[in-house]
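Scroll down for the structure; my scribbles are underneath it.
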Amino acid sequence: MTVTTVEWNAMEPVLKAIRAAVFIREQGVPVELEWDGLDPACTHVAAWNEAGEVIGTARMQPNGTIGRMAVLKGWRGRGVGSALLGSLLDLAAQRGLARVSLSAQTHAIGFYERAGFRPIGDLFLDAGIPHRKMERELEHTRNSRT
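Under the working numbering, the first residue of the sequence shown is numbered 84, with each subsequent residue one higher.
Okay, structure coming up:
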């Protein structure tokens, strides 16, 4: 499995198919909430299996907000999500961002905590699914303060 940065315009149909499978069909997110119009301005990453098929995707807004992390059901629990997240964290650090944030579905809070995120604020509903905002300070900013 490999993760690469991809262009939304070139990969839109493939990335949309993965997100539709995970968010719209599996989780029941309304179509109008999933397609929020932010994708063209975001950095997108895709995970590819050995056969060259895209099996997961995630995005990051210019301000460091990570979201739309989706891994096809048959590939969950194999490190795909960790690889996608790691790629976005590396990109954020390269861009000099001090911190990144995301809204985690409650079942995924432990996953993000293991990646160094900390919960902030109260639980809230997004598309009827409980979420909690989380953030992580990036390493390069901690090291540069000494």
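Backbone N, C-alpha and C fix where the C-beta goes; we use that ideal spot for every residue, glycine too.
Those residues which DSSP pairs with residue i across a bridge
i	result
Asp119	DSSP output for Asp119 lists no bridge partner at all.
Gly147	Paired residue(s): none; Gly147 is not in a bridge.
Ala187	Arg215
Ala104	None, per the DSSP bridge assignment.
Arg142	His127, Gly150
Arg159	None, per the DSSP bridge assignment.
Delimiting residues of the beta strand (DSSP E) encompassing residue i
i	result
Val89	85-89
Glu220	212-220
Phe207	201-209
Ala129	126-131
Sequence-distant residues of the same chain with beta carbon closer than 7 Å to residue i, five excluded per side
i	result
Lys216	Ser184, Ser186, Ile203, Gly204
Asp209	Ser186
Arg225	Its pLDDT being 47, under 50, Arg225 is placed unreliably in this model, and the value from its coordinates should be taken loosely. Result list for Arg225: empty, nothing under 7 Å.
Where residue i falls, given that 16 or more other Cβ within 10 Å makes a residue buried
i	result
Arg201	exposed
Arg182	exposed
Arg178	exposed
Ala134	exposed
Phe207	exposed
Ala93	exposed
Thr126	buried
Arg197	exposed
CB of residue i within 8 Å of CB of residue j, strictly
i	j	result
Val114	Thr88	no
Gly147	Gly164	no
Ala130	Leu168	no
Val97	Val137	yes
Ala175	Glu222	no
Arg159	Arg151	no
Phe194	Ala153	no
Arg102	Glu117	yes
Ala191	Leu155	no
For residue i, the first and last residue of its enclosing alpha helix (DSSP H)
i	result
Leu40	Residue numbering for the chain in the displayed model covers 84 to 229; residue 40 lies beyond these limits and cannot be assessed.
Glu136	No alpha helix (DSSP H) holds Glu136; DSSP gives it neither H nor E.
Gly111	Gly111 -> no alpha helix (DSSP H), and no H or E assigned at all.
Gly193	192-197
Close Cβ partners of residue i (< 6 Å) along its chain, the five nearest in sequence each way excluded
i	result
Gly199	Arg219
CB contact check: residue i to chain D, cutoff 8 Å
i	result
Glu133	In summary, chain D is missing from the structure at hand, where a single protein chain is found.
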